[in-house]
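What follows is a short report on a single structure.
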Amino acid sequence: MCPTGSSLPSREEAATGAGFRQAFDVLDTDRDGKISGDDLRAFYSSLSCGSDGREREEIIRSMISEADSNRNGFVEYDEFERVLDYGNRKSGGGGGVMEDVFKVMDTDGDGMLSHGDLKSYMRWAGFEASDDDIKAMIKLGGGDDREGVSFDGLLKILAVDRL
Numbered sequence: 001m002c003p004t005g006s007s008l009p010s011r012e013e014a015a016t017g018a019g020f021r022q023a024f025d026v027l028d029t030d031r032d033g034k035i036s037g038d039d040l041r042a043f044y045s046s047l048s049c050g051s052d053g054r055e056r057e058e059i060i061r062s063m064i065s066e067a068d069s070n071r072n073g074f075v076e077y078d079e080f081e082r083v084l085d086y087g088n089r090k091s092g093g094g095g096g097v098m099e100d101v102f103k104v105m106d107t108d109g110d111g112m113l114s115h116g117d118l119k120s121y122m123r124w125a126g127f128e129a130s131d132d133d134i135k136a137m138i139k140l141g142g143g144d145d146r147e148g149v150s151f152d153g154l155l156k157i158l159a160v161d162r163l
């Protein structure tokens, strides 16, 4: 399930949020410019997921609900970008959904996602991830297996061009 062989956005892309277009495009499986429940179902069906159908449907509904600020049932790119917190980070503001997610994932509150933090979160979210997958994710985020990955590293992990 780990995004091996993927490239990270350039510094310019990361600074503007343009690198998240690639991640958006991966989730927009039907290429209609918006992420639907069907897109997420298709995406998750390609992964090794440990959750049952009901759990997966609940996760998908929750994801759409959290991101869909105009309540049209879809996640457009601007909504996707907001969820990934680039709007707040560009304007110098704090907070944001992804920072909140990071804080939940960071079980010991040390500001880094350790191997254990990521493994635990992946299990909770219903994804099977081997120790090698977790190590690759940390490396992709610019961290090391001893210290883990920072918030910015988590954003790098999410901004891959293909999963």
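Take 1 as the starting number for the sequence shown in the UniProt record's numbering and just add one per residue. Beta carbons are placed, not taken as given, at the ideal position from N, Cα and C, and that holds for glycine.
Does the Cβ of residue 170 have 16 or more other Cβ atoms within 10 Å, making it buried, or fewer, making it exposed?
Given that the chain is displayed from residue 1 to residue 163, the structure contains no residue 170 and the question cannot be resolved.
If you draw a straight line from the alpha carbon of Phe80 to that of Phe127, how long is it in whole angstroms?
21 Å
Can Val83 and Ile35 be called in contact, C-beta distance under 7 Å?
no
Please state the DSSP three-state secondary structure of Phe43.
helix
Have a look at Leu158 and Glu58 and give me their C-alpha separation to the nearest angstrom.
21 Å
Look at the alpha carbon of Gly142 and the alpha carbon of Met112, and state the distance between them as a whole number of angstroms.
12 Å
Sequence-distant residues of the same chain with beta carbon closer than 6 Å to Ile134, five excluded per side:
His115, Leu118 and Lys119
Where the alpha helix (DSSP H) containing Arg54 begins and where it ends
Gly53 to Ala67
Pick out the complete beta strand (DSSP E) segments inside the region 103 to 151, 3 residues or longer, and give them in chain order.
none
Let me know if Tyr86 comes out buried or exposed under the rule of 16 or more other beta-carbons within 10 Å of its beta-carbon.
Residue confidence is low: Tyr86 scores 49 on pLDDT, short of 50, so the model does not pin down where it sits. No coordinate-derived value is stated.
Note down the Cα distance separating Lys156 from Gly53, rounded to an integer number of angstroms.
29 Å
Can you give me the C-alpha to C-alpha distance between Asp145 and Lys139, rounded to a whole angstrom?
8 Å
What does the alpha-carbon distance come out to for the pair Ser69 and Glu147?
35 Å
For Leu27 and Asp38, which I take to be in contact (beta-carbon distance under 8 Å), what is that distance rounded to the nearest angstrom?
11 Å between Cβ atoms; not a contact.
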